[in-house]
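Asker: Residue numbers (the numbering used here): 253 to 416.
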C-alpha cells in the first residue's frame, strides 16, 4: 500500500509542478494538444513568444516523469488494492491498463511535440493528426479512470451503507 500512496503523491506533486510551469502559456497547453493541423499548431507557436516556447519545451521532461508516475500509480492502485473489487469483472481486468495506456499515449504525444516544436514542420500533417489523436486518447483514458474510481467508490459506499 505504501507504493500506491507514494506513486499517487508523486503524481500529484509532479502534476502541480507541471501545471505551475505551463500556467503562463496563452493559449494554453490544452489548445496545443488539440491542434489537429500544422496550421492550428503553427498559429499557437506564432502567438507564443520565444520564452514561452522554451518554457513549453522545458516542461516536457517533467511531464515525462509525471506520465511515468501516474501510469505506475494506476497499475498499483488496480493491482494492489481492492478498490475495484465491486466493479464487474471486465472493468477489473481492464483497470490495471487504463492509466499505463494513457501514459503511453502521453509519451508519444510528448515525443511528437518535442519534435514539432524544434523547428517548423508543416509538410507532415499526419504527424499532427497522430499527436492530437494520442492526446484525445490520453484524455479519454484519464477521464475513464476517474469515472471508474468514482463508480467503485459508489459501489463500496453503497455496500457499506446497505450492510449497516
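Idealized CB from N, CA, C, for every residue including glycine.
Between the segment 387–403 and the segment 345–353, do at least 3 Cβ pairs fall closer than 8 Å?
Answerer: yes
Asker: CB-CB under 7 Å to residue 319, same chain, minus the five flanking residues each way: which ones, in chain order?
Answerer: As a working mapping, residue 319 is identified with position 67 in the chain shown. For residue 319, where only same-chain residues beyond five positions count, the Cβ hits under 7 Å are 355, 358 and 359.
Asker: Cα-Cα, which of 361, 405, 372 and 380 is closest to residue 391?
Answerer: Locating residue 391 in the chain shown gives position 139, where the first residue counts as 1. Answer by Cα proximity: 361.
Asker: Check this for me: beta carbons of residue 307 and residue 274, under 9 Å apart or not?
Answerer: Within the chain shown, numbered from 1, the residue matching residue 307 stands at position 55. Within the chain shown, numbered from 1, the residue matching residue 274 stands at position 22. Result yes, Cβ atoms of residue 307 and residue 274 sit closer than 9 Å.
Asker: How about residue 260 and residue 305: do their beta carbons lie closer than 9 Å?
Answerer: Position 8 of the chain shown holds residue 260. Position 53 of the chain shown holds residue 305. Contact: no.
Asker: Quick check on residue 371: does DSSP put it in helix, strand or coil?
Answerer: Your numbering for residue 371 matches position 119 in the chain shown. Of the three classes helix, strand and coil, the one that applies to residue 371 here is coil, per DSSP.
Asker: Between the alpha carbons of residue 389 and residue 285, how many angstroms are there, rounded?
Answerer: Within the chain shown, residue 389 is the residue found at index 137, counting from 1. Within the chain shown, residue 285 is the residue found at index 33, counting from 1. Cα to Cα, residue 389 sits roughly 11 Å from residue 285.
Asker: Please state the DSSP three-state secondary structure of residue 255.
Answerer: Counting from 1 along the chain shown, the entry for residue 255 is found at position 3. Judged by DSSP in its simplified three-state form, residue 255 adopts helix.
Asker: Does the CB of residue 289 have a neighbour CB from chain C at under 9 Å?
Answerer: Given the protein chain composition of this structure (a single chain), no chain C is represented.
Asker: Quick one: using the 10 Å Cβ neighbour count with 16 as the cut-off for buried, is residue 415 buried or exposed?
Answerer: Numbered from 1 along the chain shown, position 163 holds the residue referred to as residue 415. With a pLDDT of 47 at residue 415, under the threshold of 50, the predicted position of this residue should be treated as unreliable, and no value is reported.
Asker: By the DSSP assignment, the alpha helix (DSSP H) with residue 301 in it spans what residues?
Answerer: Reading the chain shown from its first residue, position 49 is the one you call residue 301. No alpha helix (DSSP H) contains residue 301, which DSSP labels as neither H nor E.
Asker: Between residue 367 and residue 382, is the Cβ-Cβ spacing less than 9 Å?
Answerer: Working through the chain shown from its first residue, we reach residue 367 at position 115. Working through the chain shown from its first residue, we reach residue 382 at position 130. Contact: no.
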